[in-house]
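Letter by letter, the sequence shown follows residues 253 to 657 in my numbering.
Every residue gets a Cβ at the ideal spot worked out from N, C-alpha and C, and that includes glycine.
Here the structure is a predicted model, which means the values were calculated and not measured.
Here's the structure we're looking at; comments come further down.
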Amino acid sequence: MGGDLIITGGVPLNGTVHIPAAKNSVLPLLAASLLCSGTVRLLAVPQLADVDTSLVLLRGAGCAARWQGSDITVQSMPSVCRLEPEAAARMRASILFCAPLLARLGRVETVLPGGCRIGARPIDLHLSGLAQMGAYCCEEGTRLILTAPAGLHGADITLGFPSVGATETLLLAAVCAQGAGTGTVRVQGRRVLYGCSFAPMADRIVASTLACACAAAGGRVELTGCAPAVYAPLLEILAQMGCGIETGPESAVIVRSGALHGAGRVFTGVYPALATDAAPLLAAAMLCADSVSSIEDVVFERRFACADGFAAFGADVRVQQRTLHIRPVRQLQGAEAAAPDLRGGAALVIAALAARGRSRIADTGHIDRGYACFVQMLTELGAQIEREMPCGSTCEKKTPSKKQI
Ligand code: EPU
């Protein structure tokens, strides 16, 4: 979709949003569908650029993968042991499609995965785990060739770091491997996996985004369909900053009516700690606080590439290694900034929603990779936001809010 987002900030957000399914659940599930002999149907999938890229990868491997309304069906009959290179280079999750093809076809060729440039992001843990299960890995420049002529077998694997992606790769490899894999997750592989219908879990990072937007811009936002337990650390920090938080089993209400206070020192960590993806979003809310905060991301080296954009809004920020230091300013002012990556781009939108006056956020293709109907979702909360496409394209105008209809 792309284009620029034009935002007039300083308007409190009010309303209810049903949180859609999580990108980072949908992508590994689409990769897993490569292993199943029957039809897999994923229910209520958000329309994201990364989901469409996944469909290109599945079709390129010889599968029938298509949208049916808001569901996706995959009939998996992979016959091509090569991932379409342009699509594979576009997103990090393309690496997840390797293990299933390797398991089914004994070989896979791809290019090194792309995705947000938030740190070095090597794939050594994926490859060393697969090697322990019987794969041969060969890297030639940006090309990666994996073979398993004798098939994959179970192994005891200890990851040097609890990597999300490497865990997913090794689970995908293990479920069809001969013999048992052991470790924190114990998998008994089997020859055949069947089709199924499955609703992926809700996106805690989308929920965190809207919670931080409400904290930054003020107002009252109810988030439904997503268990607050999965983003509890973020809600706890927002409560310490002065937001009212009420939670139910599958919903949370965030209220910010008075001043927002700094959070002191905050760290991300591996689940169930504060999510790395939430760090720039929370930082955007911290820009609006009346005392200092600092936030350190222990997972990725370059999480705060959005700091230059924050400074354009008049924020007093400083990046020191993996930590963003934030001092209070009287009021953020509308500005022009470019999304550096997915969550950093969403963080700039949050800053713009809180800033006085008009802002323009460019390079929004990053944001489209992880947020479906972003403009519509925020408009329904009362935000003044629209998408301006380059000359010749159509403009995604604000849609009237449900309250106005
Ligand atoms: N790492 C290695 N070697 C590896 C794999 C990872 O050193 O082989 C390091 C990474 O460099 C990083 C740390 O381990 O420092 C954690 O990386 P992890 O593998 O857990 O991250 P990922 O699988 O690449 C997924 C999400 C990210 C999210 C992280 C952490 C997907 C497609 N991506 O990435 O989501 O930030 O887990 O929770 O699932 C996003 O959605 O914007 C996003 C970046």
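Helix, strand or coil at residue i according to DSSP, with G and I counted as helix
{"i": "Q628", "result": "helix"}
{"i": "L512", "result": "coil"}
{"i": "F556", "result": "coil"}
{"i": "Y623", "result": "coil"}
{"i": "V360", "result": "strand"}
{"i": "Q636", "result": "strand"}
{"i": "R443", "result": "coil"}
{"i": "R344", "result": "helix"}
{"i": "R293", "result": "strand"}
{"i": "E548", "result": "strand"}
{"i": "Q497", "result": "The sequence given here places Ile at residue 497; Gln does not occur at that position. Three-state DSSP puts I497 in a strand."}
{"i": "L404", "result": "coil"}
{"i": "C448", "result": "strand"}
{"i": "A531", "result": "helix"}
{"i": "G617", "result": "helix"}
{"i": "V505", "result": "strand"}
{"i": "A372", "result": "coil"}
{"i": "E338", "result": "helix"}
Classification of residue i by the beta-carbon crowding that lies within 10 angstroms, buried from 16 upward
{"i": "V517", "result": "Contrary to the premise, residue 517 reads as Arg rather than Val in this sequence. Per the 10 Å Cβ criterion, exposed."}
{"i": "T410", "result": "exposed"}
{"i": "G412", "result": "exposed"}
{"i": "D568", "result": "exposed"}
{"i": "A496", "result": "Residue identity check: residue 496 is Gly in the sequence provided, not Ala. G496 should be labelled exposed."}
{"i": "T305", "result": "buried"}
{"i": "G644", "result": "exposed"}
{"i": "L398", "result": "buried"}
{"i": "L534", "result": "buried"}
{"i": "L295", "result": "exposed"}
{"i": "M641", "result": "exposed"}
{"i": "S546", "result": "buried"}
{"i": "H378", "result": "buried"}
{"i": "H618", "result": "buried"}
{"i": "D593", "result": "buried"}
{"i": "A402", "result": "exposed"}
Near the ligand EPU: residue i beta-carbon under 6 Å from a heavy atom
{"i": "I375", "result": "yes"}
{"i": "C368", "result": "yes"}
{"i": "D304", "result": "no"}
{"i": "R344", "result": "yes"}
{"i": "H378", "result": "yes"}
{"i": "L600", "result": "no"}
{"i": "D323", "result": "no"}
{"i": "A301", "result": "no"}
{"i": "L594", "result": "yes"}
{"i": "A551", "result": "Inspection of the sequence shows that residue 551 is occupied by Val rather than by Ala. Yes, the Cβ of V551 comes within 6 Å of a heavy atom of the ligand EPU."}
{"i": "S415", "result": "yes"}
{"i": "T616", "result": "no"}
{"i": "D529", "result": "yes"}
{"i": "A425", "result": "no"}
{"i": "A383", "result": "no"}
{"i": "A273", "result": "no"}
{"i": "N276", "result": "yes"}
Range of the contiguous beta strand (DSSP E) that encloses residue i
{"i": "L309", "result": "Here L309 belongs to no beta strand (DSSP E); instead the alpha helix (DSSP H) covers A301 to G312."}
{"i": "Q572", "result": "D568 to Q572"}
{"i": "I456", "result": "According to the sequence provided, residue 456 is Arg. The question's Ile does not apply to it. It is not in any beta strand (DSSP E) - R456 instead sits in the alpha helix (DSSP H) that spans R456 to A469."}
{"i": "R579", "result": "T575 to R579"}
{"i": "Q585", "result": "No beta strand (DSSP E) contains Q585, which DSSP labels as neither H nor E."}
{"i": "T376", "result": "Sequence check: residue 376 is Asp here, not Thr. Per DSSP, D376 belongs to no beta strand (DSSP E); it is in the alpha helix (DSSP H), D376 to Q384."}
{"i": "L286", "result": "L286 -> no beta strand (DSSP E), and no H or E assigned at all."}
{"i": "L257", "result": "D256 to G261"}
Test: residue i CB closer than 7 Å to a CB of chain B
{"i": "S545", "result": "Absence of chain B from the displayed structure is noted, only one protein chain being present."}
Extent of the continuous alpha helix (DSSP H) to which residue i belongs
{"i": "S611", "result": "Here S611 belongs to no alpha helix (DSSP H); instead the beta strand (DSSP E) covers G609 to A614."}
{"i": "C315", "result": "No alpha helix (DSSP H) holds C315; DSSP gives it neither H nor E."}
{"i": "L487", "result": "A484 to Q492"}
{"i": "I409", "result": "Per DSSP, I409 belongs to no alpha helix (DSSP H) and is neither H nor E."}
{"i": "E420", "result": "V416 to A426"}
{"i": "G597", "result": "L594 to A606"}
{"i": "L539", "result": "Unbroken run through L539: none, as it is neither H nor E."}
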